[in-house]
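The structure appears right after this line, and notes come after that.
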Amino acid sequence: MSAPATEAVSPLEAPSGSPLHRIAWHWRHNPKRELWLAWWTIVAFYQLFFLVFFVLTRTQPPPSPGWDVARVVQWFHHNHYGLLIGFGIMFLITGMTAPSNALIAYSMRRMSVSPAFAYSYLVLYSLSAIPGMLLMCIALTVGAMRPDRDPELISWLYDFAFLSFVGTMGVFLIGSLVWMLAILLDRNRVLPKWFGYLNLCNALTEIVVSPAWIFKTGVFAWNGLIAWWIDMVVFGLYTGVFIFLLRRMIQREGFGTGPLPDLAPTKETDPSALAETAQ
Amino acid sequence: MKRTDGELILFWTLPAVAIIWIAAFFLFPGFVHPMSPSMSAEQVAAFYRDPHNLSRIRYSMILFNWFCVGLIPILTLIVMQIRRMAHRTPIFSYCMLGIMAAGPTLFLVANLFWLLAAFRPERNPNLTQMFSDLAWVSFGSGVPFLIAQSVILALAIYLDRQSRPVFRPWVAHFNLVVAAALAPAAFTGLALGGPMAWDGALPFWVRNVAIALWIVVMGIVLGQAIYRQRAEDRQRVGDRVPA
Numbered sequence: 075m076s077a078p079a080t081e082a083v084s085p086l087e088a089p090s091g092s093p094l095h096r097i098a099w100h101w102r103h104n105p106k107r108e109l110w111l112a113w114w115t116i117v118a119f120y121q122l123f124f125l126v127f128f129v130l131t132r133t134q135p136p137p138s139p140g141w142d143v144a145r146v147v148q149w150f151h152h153n154h155y156g157l158l159i160g161f162g163i164m165f166l167i168t169g170m171t172a173p174s175n176a177l178i179a180y181s182m183r184r185m186s187v188s189p190a191f192a193y194s195y196l197v198l199y200s201l202s203a204i205p206g207m208l209l210m211c212i213a214l215t216v217g218a219m220r221p222d223r224d225p226e227l228i229s230w231l232y233d234f235a236f237l238s239f240v241g242t243m244g245v246f247l248i249g250s251l252v253w254m255l256a257i258l259l260d261r262n263r264v265l266p267k268w269f270g271y272l273n274l275c276n277a278l279t280e281i282v283v284s285p286a287w288i289f290k291t292g293v294f295a296w297n298g299l300i301a302w303w304i305d306m307v308v309f310g311l312y313t314g315v316f317i318f319l320l321r322r323m324i325q326r327e328g329f330g331t332g333p334l335p336d337l338a339p340t341k342e343t344d345p346s347a348l349a350e351t352a353q
Numbered sequence: 002m003k004r005t006d007g008e009l010i011l012f013w014t015l016p017a018v019a020i021i022w023i024a025a026f027f028l029f030p031g032f033v034h035p036m037s038p039s040m041s042a043e044q045v046a047a048f049y050r051d052p053h054n055l056s057r058i059r060y061s062m063i064l065f066n067w068f069c070v071g072l073i074p075i076l077t078l079i080v081m082q083i084r085r086m087a088h089r090t091p092i093f094s095y096c097m098l099g100i101m102a103a104g105p106t107l108f109l110v111a112n113l114f115w116l117l118a119a120f121r122p123e124r125n126p127n128l129t130q131m132f133s134d135l136a137w138v139s140f141g142s143g144v145p146f147l148i149a150q151s152v153i154l155a156l157a158i159y160l161d162r163q164s165r166p167v168f169r170p171w172v173a174h175f176n177l178v179v180a181a182a183l184a185p186a187a188f189t190g191l192a193l194g195g196p197m198a199w200d201g202a203l204p205f206w207v208r209n210v211a212i213a214l215w216i217v218v219m220g221i222v223l224g225q226a227i228y229r230q231r232a233e234d235r236q237r238v239g240d241r242v243p244a
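Line by line, the protein sequences give chains A and B.
The C-terminal position of the first sequence is numbered 353 in the working numbering, with every residue numbered one higher than the one before it.
The C-terminal position of the second sequence is numbered 244 in the working numbering, with every residue numbered one higher than the one before it.
Structure representation (structure tokens):
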């Protein structure tokens, strides 16, 4: 980091010009740009995720596992372009999960716990994208691309898609528990302890969803009150909270060791002050 | 004195893996003249039943099953170079580690479905066609991690601000071009014919040429970086000894 030495002379404040101008400034001068890049990727990814799954493909809230074959074929027919375009977007952007996992792993590297926690989480969540999401994208794309396929096979693709999506549980279960344990053991105050327990809630949703492999109707089916609605509320809350907390963590980060400093409103919100102290 | 750290051995597995990949690619009859998604179920079943095709499908996919993960050691060497860059955090190396595990796994899914389709070609043609479709969609649309790999690598290079960066800026530009060339393949499910179908110009030829070019170019610049790193290390040791 030799660049900021010269800027320390001139006032180092983020310019108030156009958004593009400000982004360019941060790209060049903000010492936390790698962390912010990862954070903004998380924000963008979850917005696109919501758009694709809830709006374009209509796969969330999920259609019923209790439908007969004819109704399933009709569902594919009805959502033909939504499915193909929506999952095309997912095939384009699923790699955006990598910076998200990297930033969460970083939060654990910043803690007082062993690096084993960060590495476990990184591996668990890196392999989660395929069974947890992409298999569904593949199966429903195949189902939608040939409307004249044998209806029995379309029905099998439908089951394969939704069961792989909701029924891939272990990676998220163990991953959340790893993060929870790291937060509860941490002495560097990186994330609040209550968020550790929220990880437990997220882990429990992976237990609660398991009857979706057995029930075709009712609260435990993959579109049921318990297996879907309650789980989705917990997941939505959990995701919103960790996005907020990771933002706070980046603001507090001073690239030192030991406990993460608290937010000092005058200095911490101003990246230029950090650029100076970082020398 | 200097110890063998093994990185050069890993690096020189690249030509062997590349030759096996090229051989397997041309051995698979579905790649040389890529199978059209507009083939009927009977035509697809006939393709797998053809005794000349069948053994080639099996042998090429067994080869890919062994070696599609063969590039992971090379990608790990790229992670080792990212760690030498002038970054403040390990974010980019963590990103690359996650991506390089997921990319080949997605190809393995396609590989399994091709082998499954070829295992009992006498099966109902509708089933063979479905397995074949699953394989082709997994393979054709299976670009998310390759795109992310190129974009992350480009960002890492742009932010590597030191007097002698690990990779030159053109390597970053090149990676962005590769990412753009891979992008149309994501939407291959939309077309059963024309340039956007999985056997069409964009998802098949542009994409696969981009991947091949990426391997060649990154192989060369990675080799240069590793050898330069070793030369610098030797020099540093040499400087220290007289003092």
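All C-beta atoms in this analysis are idealised placements derived from N, C-alpha and C, irrespective of residue type, glycine included.
The C-alpha of leucine 15/B is placed about 7 Å away from the C-alpha of leucine 72/B.
Residues of chain B whose Cβ lies closer than 9 Å to the Cβ of aspartate 260/A do not exist; the shortest such Cβ separation is about 18 Å.
Bounds of the alpha helix (DSSP H) holding asparagine 276/A are 267 to 282.
For methionine 170/A, the residues of chain B that pass the 8 Å Cβ criterion are Ala149, in the order they occur in the chain. In chain order, Ile92, Cys96, Ile153 make up the part of chain B whose C-beta sits under 8 Å from the C-beta of proline 173/A.
In terms of CA proximity to aspartate 305/A, Asn276/A leads the group Ser250/A, Asn276/A, Trp287/A.
Of the candidates Gly169/A, Tyr195/A, Leu201/A, Leu196/A, Leu201/A places its Cα closest to the Cα of valine 110/B.
Contact of arginine 89/B with chain A by beta-carbon distance below 8 Å involves Met75, Pro105, Lys106, Glu108, Phe329.
The beta carbon of tryptophan 115/B sits closer than 6 Å to the beta carbons of Met62, Ala136 from its chain, once the five residues preceding and following it are set aside; these are given in chain order. Closest by C-alpha distance to leucine 177/B, out of Ser164/B, Ser151/B, Ile158/B, is Ser151/B. Excluding five sequence positions before and after isoleucine 75/B, the CB atoms of its chain that fall closer than 6 Å to its own CB belong to Leu15, given in chain order. A direct Cα-Cα distance of roughly 21 Å separates leucine 128/B from arginine 145/A.
Taking phenylalanine 188/B as reference, the option from Leu94/A, His151/A, Ile116/A, Phe161/A with the minimal CA-CA separation is Phe161/A. Straight-line measurement puts the Cα of serine 194/A at about 30 Å from the Cα of arginine 162/B. The count of Cβ pairs closer than 8 Å, one atom from the stretch 157 to 175 of chain A and one from the stretch 110 to 121 of chain A, reaches three, so the stretches are in contact. Under the three-state reduction of DSSP, isoleucine 288/A is assigned to coil, being neither helix nor strand. Here the stretch 222 to 230 of chain A makes no contact with the stretch 280 to 291 of chain A; the two share fewer than three CB pairs at distances below 8 Å. Judged by DSSP secondary structure, glutamine 150/B falls within the alpha helix (DSSP H) whose first and last residues are 145 to 159. A direct Cα-Cα distance of roughly 43 Å separates leucine 196/A from glutamate 123/B. Close partners of phenylalanine 150/A in chain B (Cβ separation under 8 Å) are lacking, with about 12 Å as the shortest Cβ gap. A check of alpha carbon separations from arginine 229/B across Ile216/B, Asp200/B, Arg165/B, Val207/B identifies Arg165/B as the nearest. Taking 8 Å as the upper bound for CB-CB distance, proline 333/A and arginine 220/A are not in contact here, some 58 Å apart.
Interface residue (Cβ-Cβ distance to chain A less than 9 Å): serine 37/B is not classified as such. At a cut-off of 9 Å between beta-carbon atoms, leucine 128/B makes contact with chain A.
Between glycine 190/B and valine 138/B, the gap from beta carbon to beta carbon is short of 9 Å. Straight through space, the alpha carbons of phenylalanine 165/A and leucine 208/A are spaced by roughly 8 Å. If you draw a straight line from the Cα of aspartate 51/B to the Cα of phenylalanine 27/B, it is about 17 Å long.
With respect to the 9 Å criterion, alanine 235/A and alanine 213/A are classified as neighbours on the basis of their beta carbons. Isoleucine 257/A sits close to glycine 270/A, with the two beta carbons spaced by under 9 Å. Here leucine 111/A really is in contact with leucine 156/B; their C-beta atoms are around 7 Å apart, less than 8 Å. Excluding its 5 nearest sequence neighbours in each direction, leucine 55/B has C-beta neighbours in its own chain below 7 Å: Tyr49, Ala119, Pro122, listed in chain order. Contiguous alpha helix (DSSP H) elements confined to the stretch 156 to 235 of chain A occur at 171 to 183, 189 to 200, 209 to 219, taking only those with 4 or more residues. Neighbours of arginine 183/A in chain B, taken as residues whose beta carbon is under 9 Å from its own, are Thr90, Pro91, Tyr95 in chain order. Proximity of chain A to glycine 194/B at the Cβ level (cut-off 9 Å) is not reached, the minimal Cβ distance being about 12 Å.
Where tryptophan 171/B is concerned, the enclosing alpha helix (DSSP H) starts and stops at 170 to 183.
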